[in-house]
Amino acid sequence: MKAPITFAIAGFGDRGSTYASMEKLFPDKMKVVAVADLLPQKVEKARALYHIPQDRCFSSAEEMLAAPKLADVMVISTMDRQHVDQAIPALEKGYHILLEKPISPELSQCWKLLEVARRCPGKIIVGHVLRYTVFYNTLKDLLDSGRIGQVVSLCANENVGYWHQAHSFVRGNWRNSQETSPMILQKSCHDMDIFTWLLGSRCKTVSSVGDIALFKADKAPKGAALRCLDGCKAKETCPFDAEKIYLTSPKTGLLHGDSWISSVLSVEHTVESTRQALETGPYGRCVFHCDNNVVDHQQTQLVMENGVTVSFTMCAFTQDCYRHFKAMGTKGEIEADMKRNLIHIREFGKEEEVLDVNTLTSDLKGHGGGDSGIVKEFLEMLLTDAPPSQRATTLEHSMESHYMALAAEQSRLQGGALVEVSSLRRESE
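Residue numbering for the sequence shown follows numbering that gives the first Met the number 0, beginning at 0 and increasing consecutively.
Below is the structure:
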């Protein structure tokens, strides 16, 4: 293929707009030429930003797919349960696809897409962006080098952040598994994917427990209103107050600078439009009175086929949003903190070595550089017609993370029962 590779964006929300923005980083290799979104304001924003002709602006992914092929690549960043039904006709029209994770919460849908992908020439990369970060690539190199010997056990934490949980998984789009996906799939299939890649092994068994500890009506403080701006008497002491999170918080509030979470509330992204959204929209609701059903904490134990044991904790109740990782081997241990971007290597009997990832790359924005990393590698793959690299998040590779996550959810619903991951795979696998 020749540069620039053209992109059609189906779903111009946070993820779709992020992938589209990579045109600024790779202007000679990438050009956004079409957009679809349910909100006319988002379509207009994309049209103005990327100078998209009016006849290539659509009110839905389905309307875009009804048109003749518009670009080389389609980014599918719509809601979870729409992905497969949009990816299949896109493949059949000859698009390559950058598919936001998860593929689907339904394994039957995942298999359906896999079957179509095997007979279509288009390439699919799934948005497991952590594989493309310097942080996790450095960990991969260290584990593969054998410096800590044979890896015996991993411990990993996904610290969701109290404000992120309230935004995305209580008030926001991914609050209800019946509408989207279980928390362990939606948020943590990144982690499941990373475990298989770092360890070079599929998963054998999973057990998992978790629940909603806080975000439910019987935990509401005295005097809580149904909406934060409707005279809530608990407002002053509630850390989940929407006005704090979206406007006044020094960490996440729009009044203190650009804020990605407040940008979700309105296309205009002004104080006035944000406040109006809080008065009338879903993000202004009390976190104790929403229609959420996904867990706010979950503990998952995994045994890999190569014998490595993994303990993974996802928890909403953290100050910041970051991942922490520890690998223990027969000759040493590695401890890594994605918040500080530090990796500690402790070989038994030797002095500790500390790697500062901040000195290894200048690109730490967007999932630690993963957002730009996945687009860069996809562009190179298409421009050179090269096969997917060993780290590429192909559809086949990404299926394993879905088996693990869905097995964990099955176990959780059964009170922590042990689930054989093979029971979720098809016999051909």
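C-beta: ideal position from N, C-alpha, C; glycine also.
The model shown is predicted, which means the values in this text are computed figures rather than measured ones.
>> Measuring CB atoms only, is the stretch 235-246 touching the stretch 183-197, in the sense that at least three cross pairs come out at less than 8 Å?
In response: Contact between the stretch 235-246 and the stretch 183-197 is absent: fewer than 3 CB-CB pairs across the two stretches fall below 8 Å.
>> Taking the beta strand (DSSP E) that K203 belongs to, which residues open and close that run?
In response: Run containing K203: C202 to D210, per the beta strand (DSSP E) assignment.
> Looking at the unbroken alpha helix (DSSP H) that takes in S400, where does it start and where does it end?
Replying inline: That run of the alpha helix (DSSP H) goes L394 to L412.
>> Assuming the contact rule is C-beta atoms closer than 8 Å, I211 and V294 should be a hit. Round their C-beta distance to whole Å, please.
In response: Right, the Cβ-Cβ distance comes to about 6 Å (below 8 Å), so this counts as a contact.
> From Q177 to R80, what distance separates their C-alpha atoms?
Replying inline: Cα to Cα, the separation comes out at about 10 Å.
> For V420 versus V205, is the C-beta distance shorter than 9 Å?
Replying inline: V420 places its beta carbon less than 9 Å from that of V205.
>> Give me the residue from G368, M63 and K44 with the minimum Cα distance to E267.
In response: For E267, the nearest C-alpha among the options comes from K44.
>> Quick check on this structure: which residue in Y18, S107 and K68 has the alpha carbon closest to the alpha carbon of T77?
In response: Per the Cα distances, Y18.
> Roughly how many angstroms lie between the CA atoms of V42 and K139, to the nearest whole one?
Replying inline: Inter-residue distance for V42 and K139 is about 39 Å (C-alpha atoms, whole angstroms).
> How would you call K100, buried or exposed, if buried means at least 16 neighbouring beta carbons within 10 angstroms?
Replying inline: Here K100 is buried: its Cβ has 16 or more other Cβ atoms, across all protein chains shown, within 10 Å.
> Is the stretch 387-403 close to the stretch 146-164, with three or more CB pairs under 8 Å?
Replying inline: Contact fails between the stretch 387-403 and the stretch 146-164, because fewer than three Cβ pairs, one in each stretch, are under 8 Å apart.
> Taking the alpha carbon of R425 as the point to measure from, which residue in Q40, W110 and A406 has its own alpha carbon closest?
Replying inline: When only C-alpha atoms are compared, the closest one is W110.
> Just checking my contact of T317 with Y161 at CB under 8 Å: how many whole Å lie between their CB atoms?
Replying inline: About 7 Å separates the two Cβ atoms, so the contact holds.
> Who are H323's beta bridge partners in DSSP?
Replying inline: According to DSSP, H323 bridges with N156 and D336.
>> Tell me whether the stretch 195-205 and the stretch 275-285 touch, counting them as touching only if at least three CB pairs, one residue from each stretch, are closer than 8 Å.
In response: The answer is no - the stretch 275-285 does not touch the stretch 195-205, with fewer than three Cβ pairs under 8 Å.
> Quick one: Cα of S258 to Cα of V286, how far?
Replying inline: C-alpha separation (whole angstroms): 20 Å.
> What runs of the alpha helix (DSSP H), each 4 residues or longer, lie entirely inside the stretch 126-190?
Replying inline: Entirely contained in the stretch 126-190, the alpha helix (DSSP H) runs reaching 4 residues are, in chain order, 133-144 and 182-185.
> Quick one: what's V309 bridged to in DSSP?
Replying inline: By DSSP's assignment, V309 forms a beta bridge with L153 and L301.
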